[in-house]
Every structure is written in C-alpha cells, then in structure tokens.
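Student:
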Amino acid sequence: MALTPGRDDYLKDSKYFMAVALLAAKRSKDPNTQVGACIVNQENKIVGIGHNQMPNGCDDKLTWARDRTKDNKHLYVCHAELNAIMNTNGADVKGCSMYVALFPCNECAKLIIQGGIKEVIYLSDMYKDRDEFKASRRMLEGAGIKLRPFELEGTEIVIDFQ
118 MALTPGRDDY LKDSKYFMAV ALLAAKRSKD PNTQVGACIV NQENKIVGIG
168 HNQMPNGCDD KLTWARDRTK DNKHLYVCHA ELNAIMNTNG ADVKGCSMYV
218 ALFPCNECAK LIIQGGIKEV IYLSDMYKDR DEFKASRRML EGAGIKLRPF
268 ELEGTEIVID FQ
C-alpha cells in the first residue's frame, strides 16, 4: 500500500515560532512599537509567549508617551522577553530558544542570560547602533548565546477563519 504524501506548504518550525511571536506582538497596546516573543524548548514545544505591555494592573494608569522625561513609557513598560519568561507557567527556560520580533535590549539580555536561554532568533535589529543594544549584543555574545537573524521566506501568513 502506497503512502499518501503530506502537504509541502505547511509552516516549518522556525517560521511558525516567529509567526507566534509576531501574533503576540499584535496584543501590545503600544502605539509605536509592538514586540512579541516566543520561547521554545529543545523538543520544539512552546513554553512561553509574551508581548510588550504595562505591568499588570497599571494598564490604564500609565502613558504610552515616549517624548516626555518624567512620564515616559520606557520607565514603565514590560518588554516581550520579560513577559515570555514570566508566562512559562513554571517551565524551565534553560537551554531554550527565544524567537523575538526585535533584538533584545540590555535589560532583556540580562534576563535571557540569567534564565539560561541558549539562542535568540530575531526579526529586526533596527536599534543596533544604540548603546543599550550594543551592550546587549556584547553581553549575549560574551555569555555564549547564539544570535541568529531570522531568515525571512515570504512576507505573510494567511489565517482564514472560515
């Protein structure tokens, strides 16, 4: 009996995980920058997902403005990487890979290193010339974490709800 071949147009693992990170980013209320992160273990199972957001309970009390000194979103926002690590429901992130829409900042790099994440796959590195992102790269590379730009194959995934 001959086997019926499977589909060729299915989502490969890396594209699926980055798509999950980008879908998570759609949950962000930030009017300027929407970032998502997806943590995957060695068995290619998702163990954590996060997006940038204000701390729990503070959503309607803090501003998304970025042009003010005292009332600036950067003082308050929880980045996608932090939320993905916090949203693991107790799963260990040691040895995991993180798919993230934007290369991690220096503060997120510390969390990634301390959590034992072994690889970061990022879609955009648009802030690479800023000091905090240079520091991030220096720390991540110094800790032996593999940094890999996501190799884009096509620019969209269609989700049909019918």
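Take the sequence shown: its position 102, counting from 1, is numbered 219 in my numbering, and each next residue is one higher.
Backbone N, C-alpha and C fix where the C-beta goes; we use that ideal spot for every residue, glycine too.
#1: Helix, strand or coil for Glu270? Go by DSSP, reduced to three states.
#2: Using a Cβ-based criterion (distance less than 7 Å to any ligand heavy atom), does Gly174 qualify as near the ligand GTP?
#3: If you follow the beta strand (DSSP E) that Ile166 is in, where does it begin and where does it stop?
#4: Checking the sheet assignment: what are the DSSP bridge partners for Arg265?
#5: Looking at C-alpha atoms only, which residue of Tyr216, Lys187, Arg247 is the closest neighbour of Arg265?
#6: How many Å lie between Ile163 and Asp209 at the Cα?
#7: Enumerate in chain order the residues of its own chain whose CB-to-CB distance from Asn158 is below 6 Å, with the five nearest sequence positions on each side excluded.
#8: According to DSSP, is Leu179 part of a helix, a strand, or is it coil?
#9: May I ask you to list the residues that DSSP assigns as paired with Val217?
#10: Based on DSSP bridge pairs, tell me the residues matched to Cys222.
#11: Roughly how many angstroms separate the alpha carbons of Tyr133 and Leu269, rounded to a whole number?
#12: Between the alpha carbons of Glu236 and Ala226, how many angstroms are there, rounded?
#13: Looking at Leu228: is its Cβ nearer than 8 Å to the Cβ of Glu198?
#14: Apply the 10 Å Cβ neighbour rule to Cys175 and answer buried if 16 or more other Cβ atoms are within range, or exposed otherwise.
#15: Taking the alpha helix (DSSP H) that Ser145 belongs to, which residues open and close that run?
#16: Could you give the distance in angstroms between the alpha-carbon of Glu273 and the alpha-carbon of Ala142?
Tutor: So, from the data block:
#1: coil
#2: In the structure shown, the ligand GTP is absent, as is every other ligand, since no ligand is present at all.
#3: 163 to 168
#4: Ile238
#5: Tyr216
#6: 11 Å
#7: Val164, Cys213
#8: coil
#9: Ala154, Tyr239
#10: DSSP output for Cys222 lists no bridge partner at all.
#11: 12 Å
#12: 11 Å
#13: yes
#14: exposed
#15: Element bounds for Ser145: n/a, residue is neither H nor E.
#16: 15 Å
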